[in-house]
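For any residue, its number in the numbering used here is found by taking its place in the sequence shown, counting from 1, and adding 2. Encoded as structure tokens, the structure appears first; notes follow it.
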Amino acid sequence: MRVVVDTNVFISAALKDNSLPALAVYIVERRGILLKSTATEQQLFDVLARPYFAPLVSPATYNWIKKILAAAENVIVMDRIAVCRDPTDDKFLELAVNGHADYIVTGDTDLLVLNPFRDILIVPPATFVRGTAH
């Protein structure tokens, strides 16, 4: 199972480790292949460094996210996509298409309304957890 995890899911997981977003990330970590691109990884670490998030994320959680990203498959984006109503979210579609993802896990309605996109399921964390909890 090849999965793109949106920044908002990682942030939610970092802020509350017993949440559905955290469980979704744990499932990807244990049973899937996390996909990343330079753009998605940079956005995640930029958001985590924001002054209002940084003090809320424990060092252990920050290190866990760094470990997950270090183990993720880096995808070189060759095919550009410009279809999302929020153009800043196109990078997740590009990553998913170029990385042959099965899922994009997100809480972002701008991405969720595109489900499915080129046979890639775009689902919120709760749906992902329900669909992979076996």
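We put the CB at the ideal spot given by N, CA and C, even for glycine. Being a predicted model, the structure only gives us computed values, none of them experimental.
| Item | Value |
| --- | --- |
| Under 7 Å Cβ to Cβ from HIS102, same chain only, skipping five residues before and after it: list those, please. | ARG4 |
| Select from GLY34, LEU17, VAL77 the residue whose C-alpha is nearest the C-alpha of TYR54. | LEU17 |
| From the DSSP secondary-structure annotation, give me the bridge partner or partners of ARG4. | ILE35 |
| To the nearest angstrom, report how far apart PRO89 and ASP110 are at their CA atoms. | 13 Å |
| Quick check: ASP112 and ASN100, are their CB atoms within less than 8 Å of each other? | no |
| Suppose the cutoff is 7 Å on Cβ atoms and the five residues either side in sequence are ignored; what does the same chain contact list for VAL49 look like? | THR9, ILE13, PHE55 |
| Return helix, strand or coil for TYR64, following the three-state DSSP convention. | helix |
| Round the Cβ separation of THR134 and ILE29 to the nearest angstrom and send it over; I've been treating them as touching at under 8 Å. | 5 Å |
| Determine the contact status of PRO127 and PRO23, defining contact as a CB-CB distance below 8 Å. | yes |
| State the start and end residues of the unbroken beta strand (DSSP E) segment that holds LEU123. | 123-125 |
| Exposed or buried, THR40, counting other C-beta atoms within 10 Å across all chains shown (16 or more means buried)? | exposed |
| Let me check understanding here. Comparing Cα to Cα, which of LEU71, ASN20, LEU58, THR63 lies closest to GLN45? | LEU71 |
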